[in-house]
Every structure is written in structure tokens, then in C-alpha cells.
Amino acid sequence: MKKLLVATCIGLLLASCTPKEELSEQEAVTLLRQQMNYPKTFTYDIFCADPEYSQKALDAGLETKGFVTVKRTQKLSEVGQSLIEFTNQASPYLVSLSDQDKKTNIQKVKIADEYLNQVSDITLDKDGKKATIEYTTIYKNTTPFSSLVHIDLQKPITHTVYLILADTGWKLKDK
41 MKKLLVATCI GLLLASCTPK EELSEQEAVT LLRQQMNYPK TFTYDIFCAD
91 PEYSQKALDA GLETKGFVTV KRTQKLSEVG QSLIEFTNQA SPYLVSLSDQ
141 DKKTNIQKVK IADEYLNQVS DITLDKDGKK ATIEYTTIYK NTTPFSSLVH
191 IDLQKPITHT VYLILADTGW KLKDK
């Protein structure tokens, strides 16, 4: 019985001295790519029946460049119908639509591809079971429709995510 007690105490002592499971930068990059789906497409919704979006398309020069045609007048009986039509030149940048988008005259367009750039900081909490990762993303393959968004697509964007150590490894924590 005494040997069993000593063995149990030694086991507990060794288990408490086991180092925390570290999270390397490469592991963090792999987790982010898998769980955040990088690279991913940055899209923008164009409400084709909305006069405000028609004006945005005109202001962005999309009609002049040949990507859209904008109907400038509309009869009362045509309210709710599309004011913006996309040309063949725009087709590589159009994103598939859901049935709901089709019903409401919404067209998603590709703005750019968002890529994971680098992990800038990994912070583990005291017990080693939670981690905070700060990382940056960059945009590549910008499209002519990028002129619709008021974001500087040349600058890296900083993000923060929280991870939790589960039995199967590190997992992204839901907010």
C-alpha cells in the first residue's frame, strides 16, 4: 500500500512539472489557414435595384471602364428592377448567387483575395490552455471593383484570435 501511495505521489509530481504545450509560429499559421480558411475571397454586395449603388458604380468609373451599364432613369412600374447590368467583361469577378440574392437583385463581386501574411505575436495564459494570436493579412489580386470599397487594400490588416487547448489540440475559440 505504501508503494502505491509513493508511486501516485511521484506520478502527480511529474504530471504537474510537465511543460505547457507550446504553440509555435508554424503551428499557429497552420491553424489559422485551416480554421479561418485563408486565403479567402473578399467580396462586396451590390444592390442592383438601389439608385445609391448605381451612383457608386458610376462614381467608381465601372461604367466608363466597361464593367457595368447603369440605367439612369426608371419608370414607376419598374421600381425594384435592376438598374445595374454587368457586362461580359465583369464576369470573371462575379460571385455565384444564392436564391435569396437573386430574388433581391443583389450581385456579389470579388474585390480581392485575402492572404495570411504573418503571425506577429503568440501569448499563452498562465496555465497554457489558452492562447491569443495577433496576425496580419494582406490583399492580393485586386479587381476593378475594389474601387467600390473605402479600404486601403495596400496596407496589412491586424487581427486577433483566441485559441483554447482541447484534448485534440488547439482550437479556435468562438467569440
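Following this note's numbering, the numbering of the sequence shown begins with 41 at its first residue and continues without gaps. The beta carbon of each residue, even a glycine, is placed where N, CA and C say it ideally should be.
{"Item": "Collapsed DSSP secondary structure at T104 in the structure displayed", "Value": "coil"}
{"Item": "K211 to I173 span [Cα, whole Å]", "Value": "12 Å"}
{"Item": "L123 versus Y93, K105 and D99, residue with shortest Cα-Cα distance", "Value": "Y93"}
{"Item": "Extent of the continuous beta strand (DSSP E) run through T183", "Value": "T183 -> no beta strand (DSSP E), and no H or E assigned at all."}
{"Item": "I204, buried or exposed, once every other Cβ within 10 Å from all chains shown has been counted against 16", "Value": "exposed"}
{"Item": "Same chain, Cβ closer than 8 Å to T182, five either side skipped, listed in chain order", "Value": "I151, A152 and L193"}
{"Item": "Pairwise C-alpha distance: D214 and A206", "Value": "13 Å"}
{"Item": "Start-end ranges of the alpha helix (DSSP H) lying completely within the stretch 63–97, minimum 4 residues", "Value": "65–75"}
{"Item": "Unbroken alpha helix (DSSP H) run spanning N140, endpoints", "Value": "It should be noted that the sequence gives Gln, not Asn, for residue 140. Counting along the chain, the alpha helix (DSSP H) containing Q140 begins and ends at D139 to K143."}
{"Item": "Helix, strand or coil at Q121 according to DSSP, with G and I counted as helix", "Value": "coil"}
{"Item": "Local Cβ density within 10 Å of L45, reported as buried at 16 or more and exposed below that", "Value": "With a pLDDT of 41 at L45, under the threshold of 50, the modelled position of this residue cannot be trusted, and the question is left open."}
{"Item": "Reduced DSSP secondary structure (H/G/I, E/B, other) of K195", "Value": "coil"}
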